[in-house]
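Visitor: Following the numbering used here, the numbering of the sequence shown begins with 241 at its first residue and continues without gaps.
Glycine included, each C-beta is placed from N, C-alpha and C at the ideal position.
This structure is a prediction, so every number in the text was calculated from the model and none was measured.
The structure under discussion is supplied below as structure tokens; questions concerning it will follow.
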Amino acid sequence: MNKEQLTALLESVEKGEVSVREAAERISLLPYEDLGYAKIDTHRGLRQGENEVVYGASKTPEQLLGILEHMLAGDTASVLITRLAPEAAAYLEPRVPLFYDALSKIAIAGDRPQGEGVGNIVIATGGTGDIPVAQEAALTAEYYGNRVVRLYDVGVAGIHRLMDNAAVLAKAKVVIAVAGMEGALASVIAGMVSCPVIAVPTSVGYGASFGGLAALLSMLNSCAGGVSVVNIDNGFGAGYLANMINKM
């Protein structure tokens, strides 16, 4: 339940459409719902503005189905799921309404939010190999109602590709820079724009990239101001943070 839904419930009580007892019962369920194997945070939308997101990896398809069914049975119109394996998606699709993007492993159960989005989040990748992580960020941001512009394969190995899009970057309210290898893209972009840059190191690279650790350290040591860094391959975290910045 979010603030708008709580307001609507209280207005229904005021109009006599919902009894005080019924409203109290609904609100009493807000802290969390205990399924035994999961405790669904039904209060998160009211407390933080966005409903709980389900991390799909390491959960069984049956556990995921139980969580989604309970969430969708309440006041939640849709649920964002990250890192959902194709096998789990195939299990869920006949049982709950599901949008699934195999590239990013992002899924949306229930009604997929529609609309053109607000603000302007630009997501840039160093290479094509970084696109799955970028798509996780993009679909997360779009799920929360943001306008997203994708600039894929504009890394520093051919920096003219990035410079050709300088005007696009200049219009951004926040930029997400997704790169593996040495992770230089975030510093270059941060030196070009006046908005916050969220750096996402990816595990793309040869042996000495250490699964993204080299890119992570480069981004943490950026000489350009205005760069924040999320964890390796954490497109969701970047998309969520960009959503918060974009709507401030």
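(1) So the alpha helix (DSSP H) S458 belongs to, where does it begin and stop?
(2) Considering only C-alpha positions, which residue in the set M421, E376, G465 is nearest to A457?
(3) Can the beta-carbon of P301 be found closer than 7 Å to that of A328?
(4) In terms of residues, what are the limits of the beta strand (DSSP E) holding T224?
(5) Put R196 into one of helix, strand or coil per three-state DSSP.
(6) When you compare only the Cα positions, how much space is there between V467 and V258?
(7) If we call anything under 7 Å between Cβ atoms a contact, is L402 one with V362?
(8) Out of curiosity, what's the CA-to-CA distance linking I280 and M488?
(9) On the criterion of 16 or more Cβ atoms from any shown chain inside 10 Å, does L379 qualify as buried, or is it exposed?
(10) Note down the Cα distance separating E356 from A381, rounded to an integer number of angstroms.
(11) Could you have a look at P326 and say whether DSSP puts it in helix, strand or coil?
(12) Return the bridge partner residues of E273 from the DSSP annotation.
Guide: Based on what the coordinates show:
(1) 453–460
(2) According to the sequence as given, residue 457 is Leu; it is not Ala. Per the Cα distances, M421.
(3) yes
(4) There is simply no residue 224 to check, as the chain begins at 241 and stops at 488 in what is shown.
(5) Outside the modelled stretch of the chain, which goes from 241 to 488, sits residue 196, for which no answer is possible.
(6) 49 Å
(7) no
(8) 27 Å
(9) buried
(10) 12 Å
(11) helix
(12) I280
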